[in-house]
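Each residue of the sequence shown is one higher than the last, beginning at 2 in this note's numbering. Note that beta-carbon positions come from the ideal geometry of N, C-alpha and C, so glycine has one too. In what follows, a single structure is set out as structure tokens and then discussed.
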Amino acid sequence: MAQRLQFPLRMSFKLIAFAPQFLVADAHSRPVAYVRQKLFKLKEAITVFTNEKQDQQLYQIKADRIIDFSPLYHFTDSQGIALGGIKRHGVRSMWRAGFDVLDNGVTLFSINEKSVMTRFLDGLFGQLPLIGLLSGYLFHPAYQVKRPDGTLVAELTKQPALFEGLFTAEQMAPVNEREEQQLLLALMTVLLLERMRG
């Protein structure tokens with residue numbers, strides 16, 4: 002990544018698309034990353050490009066195993082250099098989505114959903130005919146990124162939208178350049194894994 006990110010970031014994707022994909026733009030509406038997830042692969046593979054033209058690859062995000070309850074997703078840059086990864090909390094994720102962002106086996110950040118009630122209501126209303134169509138406009142999941150000492154680093158929040166998924170990522174505390182890359186990759190992974198929510 003050539004320059005540091007300008008927060009808040011805006012992450013938007015179409016709810017109806019053959020392959021999951023979304024665009025990340027910075028505070029000045031400049032494209033930061035374009036994410037496209039490969040379909041029909043036994044192991045999940047996510048390619049991150051600089052923009053929608055997909056002419057320059059920035060990162061790869063790959064699951065470490067075939068479909069599993071809590072795989073580890075490895076981050077690498079365009080040169081294949083490892084940048085850590087993210088792992089979903091297993092059974093706890095049924096009640097509140099949770100993830101650990103790792104670097105060489107050490108937890109850098111934890112990402113947790115703020116409200117169990119929002120998850121419950123979103124899941125409940127999302128199953129109802131007709132009313133379920135409005136759940137994307139009524140319920141707005143939010144995810145907090147914290148360091149192991151409890152410092153709030155960033156927050157990812159769903160914005161009201163009916164026909165697209167729209168999230169905003171706000172930075173709350175400073176991070177170094179490597180952590181910034183890891184944070185961006187982690188938030189994009191969370192968004193892809195949780196995209197059908199809210």
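Nearest-angstrom Cβ-Cβ length linking residue i and residue j, presumed shorter than 8 Å
{"i": "Y74", "j": "F50", "result": "Not a contact, Cβ separation roughly 17 Å."}
{"i": "A28", "j": "F8", "result": "6 Å"}
{"i": "V102", "j": "I87", "result": "5 Å"}
{"i": "A174", "j": "T152", "result": "6 Å"}
Inter-residue spacing [alpha-carbon to alpha-carbon] between residue i and residue j
{"i": "Q22", "j": "E180", "result": "23 Å"}
{"i": "A98", "j": "K115", "result": "9 Å"}
{"i": "G85", "j": "A46", "result": "15 Å"}
{"i": "S111", "j": "P161", "result": "25 Å"}
{"i": "R5", "j": "S71", "result": "31 Å"}
{"i": "F100", "j": "M189", "result": "12 Å"}
Extent of the continuous beta strand (DSSP E) run through residue i
{"i": "V33", "result": "P32 to Q38"}
{"i": "A64", "result": "Q58 to A64"}
{"i": "L6", "result": "Neither: L6 is in no beta strand (DSSP E) and is coded neither H nor E."}
{"i": "T51", "result": "It is not in any beta strand (DSSP E) - T51 carries neither H nor E in the DSSP assignment."}
{"i": "S111", "result": "V107 to E114"}
Buried versus exposed call for residue i [16 or more other C-beta atoms within 10 Å across all chains shown]
{"i": "A155", "result": "buried"}
{"i": "I62", "result": "buried"}
Host alpha helix (DSSP H) of residue i (start-end)
{"i": "R97", "result": "Per DSSP, R97 belongs to no alpha helix (DSSP H) and is neither H nor E."}
{"i": "A187", "result": "E178 to E195"}
Any non-hydrogen atom of the ligand ATP closer than 7 Å to residue i Cβ
{"i": "F23", "result": "You won't find the ligand ATP in this model; it holds no ligand whatsoever."}
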